[in-house]
């Protein structure tokens, strides 16, 4: 729609359950944390084992294309040039929440679960807590854990060698 002139190109929008939602502006703390995670995950990934995607859409059904802050995706030779990734393409989604915590929890996480995204981490920068959500169901994630000890090592279930400390995720 930006290409058609309906929306300005610089507006941050995502499609959630058929509604176009204006996303919060990206603050300095949020941007810095995403950059750090890009660097850390990029260093830990073995070439070709996953694609590290940043703030790009994930297709959830016909009416939702949320844009998680980070996604670890199954590798594809075309790098998803023919279609945006879908839940079955996802190893892990990470939402970095500075001003967006309630929106991430209430709007995005239920969608991720309903469509079968296997694992989501919410990095709550304000509370310095990482929520790890696994085992998606129609109504949410059946396995939800919260971590606040800075040295605690967290690893994605599908890429267990990619450990990050809580402090890497929330400072």
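Residue numbers (my numbering): 1 to 171.
Ideal Cβ placement from N, Cα and C applies to all residues, glycine included.
Checklist entry - How big is the Cα-Cα spacing for residue 146 and residue 124? => result 10 Å
Item to check | Residue span of the beta strand (DSSP E) that contains residue 146, given as start and end | outcome: 140-147
Checklist entry - Apart from the five residues just before and just after residue 110, which ones in its own chain have a Cβ nearer than 7 Å to its Cβ? => result So the list reads 140, once near-sequence residues are dropped.
Checklist entry - Where do the ends of the beta strand (DSSP E) carrying residue 124 lie? => result 119-124
Checklist entry - Hey, residue 64 and residue 16: beta-carbon distance below 7 Å or not? => result yes
Next on the checklist: Can you tell me where the beta strand (DSSP E) holding residue 53 begins and where it ends?
Outcome noted: 51-54
Checklist entry - If you draw a straight line from the alpha carbon of residue 177 to that of residue 149, how long is it in whole angstroms? => result Past the boundaries of the shown model lies residue 177; the chain is included only from 1 to 171, so the question cannot be answered.
Next on the checklist: Taking the alpha helix (DSSP H) that residue 157 belongs to, which residues open and close that run?
Outcome noted: It is not in any alpha helix (DSSP H) - residue 157 carries neither H nor E in the DSSP assignment.
Item to check | Spatially closest choice to residue 95 from 78, 37, 42, 13, by CA coordinates | outcome: 37
Next on the checklist: Looking at residue 156: is its Cβ nearer than 7 Å to the Cβ of residue 92?
Outcome noted: yes
Item to check | CB-CB length for residue 90 against residue 132, believed under 8 Å | outcome: With 8 Å as the limit, residue 90 and residue 132 do not qualify as a contact, their Cβ atoms being about 15 Å apart.
Item to check | Those residues which DSSP pairs with residue 94 across a bridge | outcome: 70, 121
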